[in-house]
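Below is one structure, written out as structure tokens, with a few remarks after it.
In structure tokens form, the structure reads like this:
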């Protein structure tokens, strides 16, 4: 094993990198000046309408993962490194990622742009406000909330029931004190008192809409369809009823354009949209992914958390909507996460434990089966961490070989693209094979059956149970004619089940759906299981405590 | 009178204008490529550290107004038009404005970038998210709120009294339902329940700080000084105690750079910072104004609402802090506002009424005296509106002549810079005279005397009364040693007094100060009078109802 491991911080490595002017990156993939709007020297927005369309768009590689630890398994790092590796061996490639949410950046993570020598740049700008997309979504979301409360205050012509308003406010912040609030207090001049709450922006339906919209016209139509609540007569009230879809679209007219940046190795990267995968659909925007397929032969993209969450939603929600499909899938695995899945205590994951590792492979095994169920043969990226021992690495490689699963040791964190060449070759090999992709359920199936299919075929569970409240909601959804939509499961990322502590590959479990929420703008039905937080909290010592700015304006302590 | 008045909307006029690439504008005032960060083709941020300093910085022209109507008297329009006029007659000039707040744009105004042929461009971008400064301020403000509530939740080591937290959350939105809220509801995992509320972002202390900071180091020091509340032992708690001034500065490191755009006539415009003038200090940033003085011979800037508010604060807060002073002052007056000040009913302001107009000149007269009290001879800009009659215009011009007040009929809305040449000449004439500027009070005066000076010399009132609560607060401020700071009055813009309906030139009135709030980061003491809203509401039919986007991405209905 390589013992001279580089232990510079991500930010230090990022700052040492020499970036190319973003025009040069744009130029390298044929983006004309006309399609490019610069945001500083190293960021740009591109106008998808000004990108010429290829007859044969590029292929799509989806990077997903096993069930992760709380720290994540380096999916973005592998996504970036894989793209850099492909570039190194002469493949035309673009990487397509999600935008980081500021809440987790300030809270735990400190950054979400890959790590080590596999990062997108400028990491500090991307991790902070980037080109303003998430702020625009926050603004549109909260403008809608203000229009709703103003409607109540000004006489409530639409007869909206203040107890049945489902539209919540959002902030791009981890702020638990805003989860449950009462608003409109203080007397007749201060609005109508009612219960409310804030979600984190990446959980907003508008984030999902931005990521699923085909263009500006589709965006406006989706915004108009949002159900914000119900009247006293229990009839749905939409944004169209309020007449503000034009204003909301106006607030998002720049946010809908994908952002162009570069990796440390100069690979073009489109970063656009960023819904979480446990509470939302977890994929970057269709517009960015589609645009990327017209800019390169291969697009490497990721979906959040494990294959049970982001990848399932990539297949059933994003791909179905967009009319494309992944041509290859990479599952990122780490020794530490497998040991945790094998029962090793969280604070002992740095200790060698081949037995725990091998027990934990059951989790990997299920995710492999899931991807195969979609008709795709996955490739495993073993994302190397410093604490991994030679014995452990060997054990996992052998296990995969025995199981006939393609695996490559991936050292992109330490070595950049050079550490991902073996992975790149395995993936390119899969791309040469014809695609047999097929979704696991039809939109016309009943809501219950669609969820059952996901529970059984993706989670490996026995069945699904709906609470009485959820059953009643389903009856309502059917009566409104809203049932022929894909399902967006809200489930813990830590377990294949809905219980975070049930590790490995649980079987015989049932999933309980306690609420079914229609998201007509996004075009899916959210099924809530377990205690899924839509507004995270900050830890006792937030990452923010280490952050600073040097006198010359350089970011410090950002991760 | 000219009857062929152009009635195109501001947005239509703005779209018909041909903009120069922003590099060309930068070039015209000697801003190097190196100092310029492009935000699209027509906006940029500039790095003040990379602007070379002149030995003799440019002169500053401050544009203020009489007591305005609810629609405003076109101060931004005159500011832009005056700069364009100066450019037309060969003067090197930069205009320095505030950034529009989205709340009013969505609510009543629809836009705040000047009007007619005296606008800054691209008006739709400037009116929407611009370059993200206000979003960054919102984010920093709310991150601090989240850190405070997280501190309470995680054990409250600092012993903060949840009832005495003065730091509020903000949104750049008109949202009355958020004025008075309760947060932290829902049980032990959801934070500490307490009363809270949202202000509009432009009322935030961080907005004031950004506008008064000299540079990044000063910004961080000011953020550290913010008092967020008090302990159970009534000791002040600051941002420094929480240890998050570095993170907050990091969130603002781009927002602190001024934004460069252009007027319809290609005059360079720095637009940066945007506090309201009734609840905050109402001026654009010191950094932008100072930078502008190093880029041109004359800087035309504005301060919010009437001379009793924005201009007074420009003199006593901004100028004192920055060490500069206005070299000339323009007071914008309109026939309609003067008629209103003269007692004409709001819905009859379009009717000719010379008598009401002449009665209303008492208001103008007081503002002229106020500016003279600061040692500056003001110039009146009569901002022409379509409904003004020839008789009215003549009457006002004669009145000014009799009073020995310089006045110019200003038609920049209709004619651009050409409509402001007479005004420009009068102003340039004043700039040739030596400056006798002096503030009206010393920082070392007692709080009571500082307020009394403003009430008597600026508002023309008899005296000031402090409520018992305010007196107690003053005692506390003195005991903490926080009294040697300038005063930031929070007062209605509609009257020289604290009663919005007391028009003209009231005398013999007293002002009641009901609360004195220390803003140690901004470096001033806010004295609240009357019912000053820090979070506006939306009207029954918000401007947003008319907004839309065309298929090609063009903004519609934004004006």
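Residue numbers (UniProt numbering), protein chains in the order written: chain A, 1 to 559; chain B, 1 to 559. Note that the Cβ used here is the ideal one computed from N, Cα and C, for glycine as well. Computed from a predicted structure; not experimentally measured.
The straight-line gap separating the alpha-carbon atoms of residue 382 of chain B and residue 364 of chain B is approximately 11 angstroms.
At a cut-off of 8 angstroms between C-beta atoms, residue 180 of chain B counts as an interface residue with respect to chain A. When the five nearest sequence neighbours on each side are left out, the beta carbons in the same chain lying within less than 7 angstroms of the beta carbon of residue 410 of chain A are those of 78, 81, 381, 382, 383, 384, 419, 420, 423, in order along the chain.
For the 8 angstroms CB-CB criterion, residue 460 of chain A and residue 510 of chain A do not form a contact.
Here DSSP, grouped into helix, strand and coil, assigns residue 18 of chain B to coil. Secondary structure note for residue 230 of chain B: its beta strand (DSSP E) is the uninterrupted segment 227–231. Exclusion of the five residues before and after residue 142 of chain B leaves 169 as the residues of its chain whose Cβ lies within less than 6 angstroms of its Cβ. The C-beta separation of residue 285 of chain B from residue 272 of chain B comes to about 4 angstroms, placing the pair in contact by the 8 angstroms criterion. In the DSSP annotation of this structure, the continuous segment of the alpha helix (DSSP H) that includes residue 430 of chain A starts and ends at 421–431. Under a 10 Å Cβ-count criterion, residue 150 of chain B is classified as buried, with 16 or more other Cβ atoms of the shown protein chains found around its own Cβ. Within the DSSP bridge table, the entry for residue 259 of chain A names A/45, A/271 as partners. Here residue 12 of chain A is exposed. Its C-beta has fewer than 16 other C-beta atoms within 10 Å.
When the five nearest sequence neighbours on each side are left out, no beta carbon in the same chain lies closer than 6 angstroms to the beta carbon of residue 403 of chain B.
Sequence-ordered contacts of the segment 244–277 of chain A with chain B read 244, 246, 247, 249, 250, 251, 253, 254 [C-beta pairs closer than 8 angstroms].
For residue 383 of chain B, the uninterrupted beta strand (DSSP E) run begins and ends at 379–383, by DSSP. Counting C-beta pairs closer than 8 angstroms gives fewer than three between the segment 530–542 of chain B and the segment 203–211 of chain A, which falls short of the contact rule. Counting along the chain, the unbroken alpha helix (DSSP H) around residue 245 of chain A starts and ends at 245–251. With a threshold of 16 other beta carbon atoms within 10 Å, residue 49 of chain A falls short and is exposed. For residue 294 of chain A, the closest Cβ of chain B is not nearer than 8 angstroms. Annotation note: the segment 98–171 of chain A contains the following uninterrupted alpha helix (DSSP H) runs of length 4 or greater, listed N- to C-terminal: 102–107, 123–127, 133–153.
Residue contact check for residue 184 of chain A against chain B: a CB pair falls below 8 angstroms.
Residue 488 of chain B: member of the beta strand (DSSP E) spanning 487–490, first to last residue. Taking the beta carbon of residue 139 of chain A as reference, the chain B residues within 8 angstroms of it are 102, 129, 135, 172, 173, listed in sequence order. Residues of chain A with a Cβ closer than 9 angstroms to the Cβ of residue 37 of chain B are, in chain order, 38, 39, 40, 41. Using a Cβ-Cβ cut-off of 9 angstroms, residue 23 of chain B is close to nothing in chain A; its nearest Cβ partner there is about 10 angstroms away. Using beta-carbon distances, residue 547 of chain B counts as an interface residue toward chain A, with a partner under 8 angstroms.
By the neighbour-count definition (other C-beta atoms within 10 Å, threshold 16), residue 240 of chain B is an exposed residue. Nearest CB-CB separation between residue 20 of chain B and chain A: not below the 8 angstroms threshold. Among the residues facing chain B, residue 123 of chain A is not included, as its CB has no counterpart in that chain under 8 angstroms away. Around residue 537 of chain A, the same chain offers 174, 176 as residues with beta carbons nearer than 7 angstroms, after the five sequence neighbours per side are excluded.
Of the candidates B/492, B/366, B/99, the residue whose Cα lies closest to the Cα of residue 70 of chain B is B/492. The beta carbon of residue 229 of chain B does not come within 8 angstroms of any beta carbon belonging to chain A, so the residue lies off that interface.
Residue 121 of chain A places its beta carbon less than 8 angstroms from that of residue 14 of chain A. Across the structure, residue 378 of chain B and residue 139 of chain B are spaced so that their CA atoms are roughly 39 angstroms apart. Apart from the 5 residues on each side of it in sequence, residue 431 of chain A sits with its Cβ closer than 6 angstroms to the Cβ of 59, 327, 328 in its chain, given in chain order.
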